[in-house]
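Numbering (the working numbering), first residue to last: 20 to 301.
Even glycine gets a Cβ: it sits at the ideal position worked out from N, Cα and C.
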């Protein structure tokens, strides 16, 4: 059986730890309490508080930190922009310079290399040219219509000067009936003649001669005294004949109607003089 060590009684808590002798240093001869030197604060030191600890930390210079960050940011932006410009310059330099084909050989080569593109370009060019042609045609038609109207008005004015009764004749059914019986050449003078005053006037002269209407012209008639001296035998012939080289030619209505445009232009003045002098036979 093991022996159990008995605890010594300490009545009234008489024996304390400081009653035991030790080799601990004493601050003075009278001191009974001992405290470890590590735990004893120095006289010069102050008690540490949260405010003291915070004041002991170094303060951050936020303005300097902001300036540094901004400078770094600006440097990076400038670097990126410079790099972007360099890449764009490289891309432009690497891109081949396009030269449009100018000659027939260049067009043939371009068509052989890019047939679909050639057809597309050709279609677009055709559409653009067609639009321009249509616009020009509309303008040209308007100009032609205006010029035709001006020519027609000018021709009617001149025709009224030669025949003051032009308006009455134009609305006369007898005149249109007579025109239908005439050759096609004379009908063209009347109905398909927008601006040739001479031919239209000639057709009216023929109508008046055949119907016994006086030919009213603005020009004074020639002196009929000399023509009255001619005998009736001079006007019997119905063909283009001359009685004498000194005597003027006598025309017939059939002969005048059978003349071509070129021949009529050639003898226009002579025919006009013959009509005024009465040298046109029926």
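Unbroken alpha helix (DSSP H) stretches of 4 residues or longer found wholly inside the region 158 to 212: 185 to 189, 192 to 199, 203 to 210, given in chain order.
Cβ contact annotation for residue 144 (same chain, cutoff 7 Å, sequence separation greater than five): none. Per the C-alpha coordinates, the member of 165, 105, 292, 213 positioned closest to residue 269 is 292. The three-state secondary structure of residue 300, taken from DSSP, is strand. For residue 82, the uninterrupted alpha helix (DSSP H) segment begins and ends at 81 to 113. Inclusion of residue 224 and residue 167 in the CB contact set at 9 Å is not warranted, their separation being larger than that value. Close CB contacts of residue 197 within its chain, under the 8 Å cut and outside five residues either way in sequence, are with 226, 229, 230 (chain order).
Residue 279 and residue 158 have their C-alpha atoms spaced approximately 35 Å apart. Bounds of the alpha helix (DSSP H) holding residue 273 are 272 to 277. In the three-state scheme derived from DSSP, where H, G and I count as helix and E and B as strand, residue 223 is classed as helix. In the structure shown, the three-state DSSP call for residue 267 is coil. Taking residue 209 as the centre and dropping the five residues before and after it, the same chain places the C-beta of 198, 219, 222 closer than 7 Å to its C-beta, in chain order. In this structure, the CA atom of residue 122 is about 21 Å from the CA atom of residue 147. Between residue 267 and residue 298, the beta carbon gap of about 6 Å places them in contact (Cβ cut-off 8 Å).
Our two residues, residue 96 and residue 118, have alpha carbons roughly 38 Å apart in a direct line. Going by beta carbons, residue 204 and residue 276 fall inside the 9 Å limit.
For residue 112 and residue 161, the gap between their C-alpha atoms comes out near 52 Å. Shown here, residue 130 sits in a helix according to DSSP, grouped into three states.
A buried status is given to residue 181, since no fewer than 16 other beta-carbon atoms sit within 10 Å of its beta-carbon. Counting the other CB atoms within 10 Å of its CB gives residue 217 a total of 16 or more, which places it among the buried residues.
Around the beta carbon of residue 178, a 10 Å sphere encloses 16 or more other beta carbons of the protein chains shown; the residue is thus reported as buried.
Exposure of residue 99 is indicated by the presence of fewer than 16 other C-beta atoms within 10 angstroms of its C-beta. Annotation for residue 286: no alpha helix (DSSP H) segment contains it, and DSSP assigns it neither H nor E. Cα atoms of residue 86 and residue 94: separation of roughly 12 Å, rounded to the nearest angstrom.
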